[in-house]
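J.: Using the working numbering, the letters of the sequence shown correspond one by one to residues 2 to 131.
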Amino acid sequence: MGRVRSLQIAGYRSVRDDILMTFPENTPVVLVGENNSGKSNIVRALDLVLGESWPGSHTPDDHEYFDRDKANGSIEIVAELAGVNHTDRQGTDRVEKLNWKCSATGPARLRYDGKLGTGRERKEGGVPCG
Numbered sequence: 002m003g004r005v006r007s008l009q010i011a012g013y014r015s016v017r018d019d020i021l022m023t024f025p026e027n028t029p030v031v032l033v034g035e036n037n038s039g040k041s042n043i044v045r046a047l048d049l050v051l052g053e054s055w056p057g058s059h060t061p062d063d064h065e066y067f068d069r070d071k072a073n074g075s076i077e078i079v080a081e082l083a084g085v086n087h088t089d090r091q092g093t094d095r096v097e098k099l100n101w102k103c104s105a106t107g108p109a110r111l112r113y114d115g116k117l118g119t120g121r122e123r124k125e126g127g128v129p130c131g
């Protein structure tokens, strides 16, 4: 079964500066904090990169950018994974990292880094952010 090793978020909702959270192995994770401290936004960030819908097709609304500054802001969410496989027409590879980035200057990009055969692979896809 796959798990999230770490989550890095910048510019997403209430998270302005780059934060990095590492998650322990074989231990439950509990988010505790005051109201409006960003707990739900951490869960939303995880859902964006790991949820049912493909994140490369997500166009963020103004309120998803920190300080609602879509024109000048950018969002980056990186999830480092363990034990996750992806299968497509080229075969099955181990996904090690998902990187979702969106800014007003370019398209939303989802990149995953993993191993396919013996070499390192990167795959990207995306839609315009604005």
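All residues carry an ideal CB built from backbone N, CA and C; glycine is no exception. Remember, it's a predicted structure, so these values are computed and weren't measured experimentally.
1. By how many angstroms is the C-alpha of I10 removed from the C-alpha of V16?
2. When you compare only the Cα positions, how much space is there between P25 and R6?
3. Between which two residues does the beta strand (DSSP E) carrying S7 extend?
4. Measuring straight from C-alpha to C-alpha, what distance separates R45 and N27?
5. DSSP three-state call for E185: helix, strand or coil?
6. Consult DSSP for N42 and reduce its assignment to one of helix, strand or coil.
7. Whose C-alpha, out of G74, V50 and H64, is nearest the C-alpha of N100?
8. Compare the Cα-Cα distances from V31 to each of I43, D70 and I20 and report the closest residue.
9. Please confirm whether Y66 and I76 have their CB atoms less than 8 Å apart.
10. Taking the beta strand (DSSP E) that L32 falls in, what are its first and last residues?
11. Excluding the 5 residues preceding and the 5 following L21 in the sequence, name in chain order all residues of the same chain whose CB lies nearer than 7 Å to its CB.
12. Using the three-state DSSP reduction, which class does I78 fall into: helix, strand or coil?
T.: Once the coordinates are examined:
1. 7 Å
2. 7 Å
3. R4 to A11
4. 22 Å
5. There is no way to answer for residue 185, as the model of the chain reaches only from 2 to 131.
6. helix
7. V50
8. I43
9. yes
10. No beta strand (DSSP E) contains L32, which DSSP labels as neither H nor E.
11. S7 and Q9
12. strand
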